[in-house]
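Chains as they are written, first to last, in our numbering: chain U, 1 to 416; chain C, 417 to 832.
Where is the CB? At the ideal position from N, CA and C, for every residue including glycine.
What follows is one structure encoded as structure tokens, with my remarks underneath.
2 protein chains.
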Amino acid sequence: MGIDVKKLAQDAAEARYDLAKMSTNAKNGILSKIAGYLEMRSSFIIEQNKKDIAAGKEKGLSGAMLDRLLLDEQRIKKIASAVREIMNLPDPVGTSNSQVRRPNGLVISKVRVPIGVIGIIYESRPNVTIDAAVLCLKSGNAVILKGGSEAINSNRALVAVIKEALSSSGYSKDFVQFLDSTEHSAVSELLKLDAYVNLIIPRGGHNLISFVTQNSTIPVIKHDMGLCHNFVDEQADIEQAIKICYNAKVQRPGVCNAMETLLVHKNIAQEFLPKMASEYEKAGVELRGCEETRRIIPQVKEATEEDWKTEYLDLILSIKIVNSVDEAIAFINKYGSHHSDAILTENYANAMKFLNEVDSAAVYVNASTRFTDGGEFGLGAEIGISTDRLHARGPMGLEELTTFKYVVYGDGQIRE
Amino acid sequence: MGIDVKKLAQDAAEARYDLAKMSTNAKNGILSKIAGYLEMRSSFIIEQNKKDIAAGKEKGLSGAMLDRLLLDEQRIKKIASAVREIMNLPDPVGTSNSQVRRPNGLVISKVRVPIGVIGIIYESRPNVTIDAAVLCLKSGNAVILKGGSEAINSNRALVAVIKEALSSSGYSKDFVQFLDSTEHSAVSELLKLDAYVNLIIPRGGHNLISFVTQNSTIPVIKHDMGLCHNFVDEQADIEQAIKICYNAKVQRPGVCNAMETLLVHKNIAQEFLPKMASEYEKAGVELRGCEETRRIIPQVKEATEEDWKTEYLDLILSIKIVNSVDEAIAFINKYGSHHSDAILTENYANAMKFLNEVDSAAVYVNASTRFTDGGEFGLGAEIGISTDRLHARGPMGLEELTTFKYVVYGDGQIRE
């Protein structure tokens, strides 16, 4: 295809200073235009989306995959209304929650500013194209979008609509860049452009994440897998535990904050497991258990070492009986993905121990791990859930799309 | 040497959970022991340091380099007292400045926790070995230290003292690891151990920083160069501007927050530059100027494109005359290292424009850039000054050596 990746990154890097200094009103004006143009151009978008659907059918994509790919009138309306929601969120740029006055009179304020140019590499639904672009614009960042090849026509159309909205608002189309290529080499090239791009966010399967981590010279914030646990402690409220464990596994099994492994204290297993298993059975959940589990609920398949490391994203659950809260914590820190893990207990000391010692982005007492989400945490919309430890951990909202600078107000101070 | 880098990283990764859950009192106890043992073992440390000094002389290191390397009784006392200062700083672990109660009753607190295992690769003085180890311990992080080969005997001795203090306090010696190798390949191997190491901080020259950035699969926070500017606006207070520009260049020219390039508005240049130049002359500063500068102060050498990109770290200064605050901002964003830059002006609008639009870790009005420093900013001790944009930007203190987790207190909440 011969796309000039370097030129595109340079254009974004040049445009970013204009975007960084825009007022919130001006940025909201662009978002409003994007929402409006999405609705106006829906038939064009649907027409382009049909090409992807046709190609997907030819390639033999599953029904679920084709459904994820599909854009229709109603879905486009939903995307536009998500844009208007982001428009109504507070703008983090220019805010501060840390200011000091030093003994020498210097006033030093730590102020949120845009990160700069953000590259987002994703495989998922075409609505991510709009979501990611709009979250970056709202937080004052130029963005380079690289979507999956199966959605390339849809993504191209959606970016064309964004650029139309930018132009008609009188702003640079370079704020939003589309890496219009299905070549692997284009991504490799992007990942080395640390002179122009300030952050790479990969969202997708393990292969994508691993490729980006291995090859990027640009800082990366990974949105990797969620291998989440619930630990039913010996002093759990059994009825409540059943409700929470049911919710964590069944309510939406295909997402990263759903439970994949259930840990049960040996002293409550005899009472808890048969009741829990019968609930799961009704929902069609396949259970795989350790030896002790299978002594209590023998209908269960044997879990292997591989199961403890697997994010099923499906109605499958592995179960392990443990001897103590310490064993549960060690197991979670060893096999988990440091995403979201819960203890269900009425025991104060065990709850505190679990919260302190489990090394995950979100640790819960007596609630479903399904709440790990920007909206549910009160951050507003999210660009994803970081499984990294630096800068952003857990749900990544507008604030996490900013960095800061120190603004220093002096009146002649020099250093002695 | 055949050092097992992987084993060392694994040991640190295993030890980190014990360290993360330690109380502040317990960590301070270790720090106090380290300070005490440093003083007790000073003759051993000095003896080992002598080997490095002898080797350095043989290698023909400059007098300045040998002085940086030298440890004597008094310097060791100073290092020990720096350890006691860090001991007295507040511990960030467990603190929070963000907690919400959601409509469904979930209480969600964003709590600071250690990052995990931090690898620090440095070239500088042996005191960094102690500083870095102690800052990491205080913030609950296990640390892998890799110092420069010219200080290897000193560093080995200092780490032995730390390990002695750890053992005698009854804690694991694995909290602090020393990469005891002068082989390049040992660093390469470390940079790929993302399964065990959570952050790499390179401190040193451009070659080191660049090698680490290109080769690390672990997140990196760079402590790279400082190419700092002062811009004397047309409405500057000339006497104040002279004092500040003198301080920024002359007070300590060899550090990253010293000024390297002076920008002067054309309307004030005729009055300001001759006075300024005569002050610099007294201090022995070599000046290099643009064509317009040389018309006003003809004794000045010609500055080339290369000068605008050079961090002299010496008594050399490049000078450029600009037509407007906008030109100054664009110049700084193009040639600067996004470290520390100042405007000197009495004009409110220009000051605000400069603070908003200069894309640097620290932006100043009417003060010397020399203040960019953890101590001067009120952060206490610093592990260095980040020239990266993510997680930590500018002075990096104890708080920046932590990440956070979301702690969620529920009473049976499930997601609908």
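Does the beta-carbon of Y312 of chain U have 16 or more other beta-carbons within 10 angstroms, so that it is buried, or is it exposed? Along the first sequence, one-based indexing puts residue 312 of chain U at 312. The residue in question, Y312 of chain U, is buried, as its Cβ has 16 or more Cβ neighbours within 10 Å.
If the cut is a Cβ gap below 9 angstroms, which residues of chain U does I660 of chain C touch? On the second sequence, position 244 is the one that residue 660 of chain C refers to. Those are G410, G412, Q413 and I414, listed as they occur along chain U.
Roughly how many angstroms lie between the CA atoms of A699 of chain C and R668 of chain C, to the nearest whole one? The residue labelled residue 699 of chain C in the question sits at position 283 within the second sequence. The residue labelled residue 668 of chain C in the question sits at position 252 within the second sequence. Their Cα atoms are separated by approximately 12 angstroms.
By DSSP's criteria, Q829 of chain C is part of a beta bridge. Which residues make up the other side? Position 413 of the second sequence, counted from the start, is the residue given in the question as residue 829 of chain C. Beta-bridge pairing links Q829 of chain C to U:A367.
Among U:E73, U:S62, U:Y335 and U:M87, which residue has its Cα nearest to the Cα of N25 of chain U? Numbered from its first residue, the first sequence carries residue 25 of chain U at position 25. Distance from the Cα of N25 of chain U is smallest, within the candidate group U:E73, U:S62, U:Y335 and U:M87, for U:M87.
Whole-angstrom distance between Y433 of chain C and N465 of chain C, CA atom to CA atom: Counting from 1 along the second sequence, the entry for residue 465 of chain C is found at position 49. Counting from 1 along the second sequence, the entry for residue 433 of chain C is found at position 17. Roughly 33 angstroms separates the two Cα atoms.
Under 8 angstroms, do L522 of chain C and L561 of chain C count as touching if we go by C-beta distance? On the second sequence, residue 522 of chain C is found 106 positions in, with the first residue counted as 1. On the second sequence, residue 561 of chain C is found 145 positions in, with the first residue counted as 1. A distance of 8 angstroms or more separates the beta carbons of L522 of chain C and L561 of chain C.
Which residues bound the beta strand (DSSP E) around I801 of chain C? Taking the first residue of the second sequence as 1, we reach residue 801 of chain C at position 385. Per DSSP, the unbroken beta strand (DSSP E) holding I801 of chain C starts and ends at G800 to S802.
Does the region 608 to 624 of chain C come close enough to the region 582 to 600 of chain C to have 3 or more Cβ pairs within less than 8 angstroms? Taking 8 angstroms as the limit for Cβ pairs, the verdict is that the region 582 to 600 of chain C does not touch the region 608 to 624 of chain C.
Work out the CA separation of Y822 of chain C and E376 of chain U for me, nearest whole Å. By one-based count along the first sequence, residue 376 of chain U stands at place 376. By one-based count along the second sequence, residue 822 of chain C stands at place 406. So the two alpha carbons sit approximately 12 angstroms from each other.
Among C:N782, C:M692 and C:I801, which one has its Cα closest to the Cα of S734 of chain C? Position 318 of the second sequence, counting from 1, holds the residue named residue 734 of chain C. Of the candidates C:N782, C:M692 and C:I801, the residue whose Cα lies closest to the Cα of S734 of chain C is C:M692.
List the DSSP bridge partners of I343 of chain U. Locating residue 343 of chain U in the first sequence gives position 343, counting from the first residue. I343 of chain U is bridged to U:F231 and U:V365.
Contiguous beta strand (DSSP E) assignments of at least 3 residues, all confined to the region 689 to 757 of chain C: Here the runs fully enclosed are 702 to 705 and 732 to 738.
Using the beta-carbon of each residue, which ones in chain U are nearer than 8 angstroms to Q656 of chain C? The residue given as residue 656 of chain C occupies position 240 in the second sequence. Near Q656 of chain C (Cβ distances below 8 angstroms), the residues of chain U are G412.
Going by CA-CA distance only, name the one from U:T402, U:K78 and U:M40 that's closest to S96 of chain U. If you number the first sequence from 1, residue 96 of chain U lands on position 96. Nearest option by C-alpha distance: U:T402.
Whose Cβ in chain U lies nearer than 8 angstroms to the Cβ of I404 of chain C? With chain C represented from 417 up to 832, any question about residue 404 of chain C goes unanswered, as that position is not in the structure.
Go ahead and label S784 of chain C buried or exposed: buried means 16 or more other beta carbons lie within 10 angstroms of its beta carbon, across all protein chains shown. For the purposes of this step, residue 784 of chain C is taken as residue 368 along the second sequence, with counting starting at 1. Classification of S784 of chain C: buried, given that the 10 Å Cβ count is 16 or more.
Please confirm whether L199 of chain U has its beta-carbon closer than 8 angstroms to some beta-carbon of chain C. Numbered from 1 along the first sequence, position 199 holds the residue referred to as residue 199 of chain U. With its beta carbon less than 8 angstroms from one in chain C, L199 of chain U belongs to the interface.
Does any CB atom of chain C fall closer than 8 angstroms to the CB of K116 of chain U? Counting from 1 along the first sequence, the entry for residue 116 of chain U is found at position 116. The question names Lys, but residue 116 of chain U is Gly in the sequence shown. Among the CB atoms of chain C, one or more fall inside 8 angstroms of the CB of G116 of chain U.
A783 of chain C at chain U interface by Cβ criterion, 8 angstroms: One-based indexing of the second sequence puts residue 783 of chain C at position 367. Chain U contact via Cβ: present.
Q251 of chain U (DSSP reduced to helix, strand or coil): As a working mapping, residue 251 of chain U is identified with position 251 in the first sequence. In the structure shown, the three-state DSSP call for Q251 of chain U is coil.
Under 8 angstroms between C-beta atoms, does R156 of chain U make it to chain C? Along the first sequence, read from residue 1 onward, the residue named residue 156 of chain U stands at position 156. Using a CB distance cut-off of 8 angstroms, R156 of chain U does not count as an interface residue toward chain C.
My parser needs the beta strand (DSSP E) runs of 3 or more residues fully inside the region 85 to 109 of chain U; what are they? List check, beta strand (DSSP E) in window: 99 to 101.
Go to T146 of chain U, then tell me how far its beta strand (DSSP E) extends in each direction, as first and last residue. Position 146 of the first sequence, counted from the start, is the residue given in the question as residue 146 of chain U. The sequence shown places Lys at residue 146 of chain U, not Thr. Per DSSP, the unbroken beta strand (DSSP E) holding K146 of chain U starts and ends at A142 to K146.
For A133 of chain U, would you say it is in contact with chain C, using Cβ-to-Cβ distances shorter than 8 angstroms as the test? For the purposes of this step, residue 133 of chain U is taken as residue 133 along the first sequence, with counting starting at 1. No, A133 of chain U lies away from the interface with chain C (no Cβ there is under 8 angstroms from its Cβ).
Sort U:F404, U:T261 and U:P298 by Cα distance to G336 of chain U and report the nearest one. Mapped onto the first sequence, residue 336 of chain U falls at position 336. Of the residues U:F404, U:T261 and U:P298, the one whose Cα lies closest to the Cα of G336 of chain U is U:T261.
Shortest alpha-carbon distance to E708 of chain C belongs to which of C:T726, C:K736, C:H755 and C:W724? Taking the second sequence and counting its residues from 1, one reaches residue 708 of chain C at position 292. For E708 of chain C, the closest alpha carbon among the candidates C:T726, C:K736, C:H755 and C:W724 is that of C:K736.
Would you grab the beta carbon distance between Y37 of chain U and V161 of chain U for me? Rounded to a whole angstrom, and I think it's under 8 angstroms. Taking the first sequence and counting its residues from 1, one reaches residue 37 of chain U at position 37. Taking the first sequence and counting its residues from 1, one reaches residue 161 of chain U at position 161. Rounded, the Cβ-Cβ distance is 5 angstroms, consistent with contact.
For V128 of chain U, return the contacting residues in chain C, with the cut-off set at a CB-CB distance below 9 angstroms. Start at 1 with the first residue of the first sequence, and residue 128 of chain U comes out as number 128. The contacting residues do not exist; V128 of chain U stays about 21 angstroms from chain C at best.
Spell out whether any CB of chain U is found under 8 angstroms from the CB atom of V701 of chain C. Here the question's residue 701 of chain C lines up with position 285 in the second sequence. Contact of V701 of chain C with chain U is not assigned, every C-beta pair being separated by 8 angstroms or more.
Where do the ends of the alpha helix (DSSP H) carrying M768 of chain C lie? Along the second sequence, one-based indexing puts residue 768 of chain C at 352. That run of the alpha helix (DSSP H) goes Y764 to E773.
Residue range of the beta strand (DSSP E) that Y538 of chain C falls in? Within the second sequence, residue 538 of chain C is the residue found at index 122, counting from 1. Residues V533 to Y538.
Within 8 angstroms of any Cβ in chain C, is that where the Cβ of D91 of chain U sits? One-based indexing of the first sequence puts residue 91 of chain U at position 91. For D91 of chain U, the answer is no, since every Cβ of chain C falls outside 8 angstroms of its Cβ.
Got a sec, what are the start and stop residues for the alpha helix (DSSP H) E39 of chain U sits in? Within the first sequence, the letter at position 39 stands for residue 39 of chain U. E39 of chain U -> alpha helix (DSSP H) spans T24 to M40.
Contact residues within the region 345 to 360 of chain U, judged by C-beta distance below 8 angstroms to chain C: For the region 345 to 360 of chain U, residues whose beta-carbon sits nearer than 8 angstroms to a beta-carbon of chain C comprise L355, N356, E357, D359 and S360.
Going by C-alpha distance, which of U:K51, U:V111, U:L137 and U:N127 is nearest L31 of chain U? Along the first sequence, read from residue 1 onward, the residue named residue 31 of chain U stands at position 31. For the residues U:K51, U:V111, U:L137 and U:N127, the minimum Cα distance to L31 of chain U belongs to U:L137.
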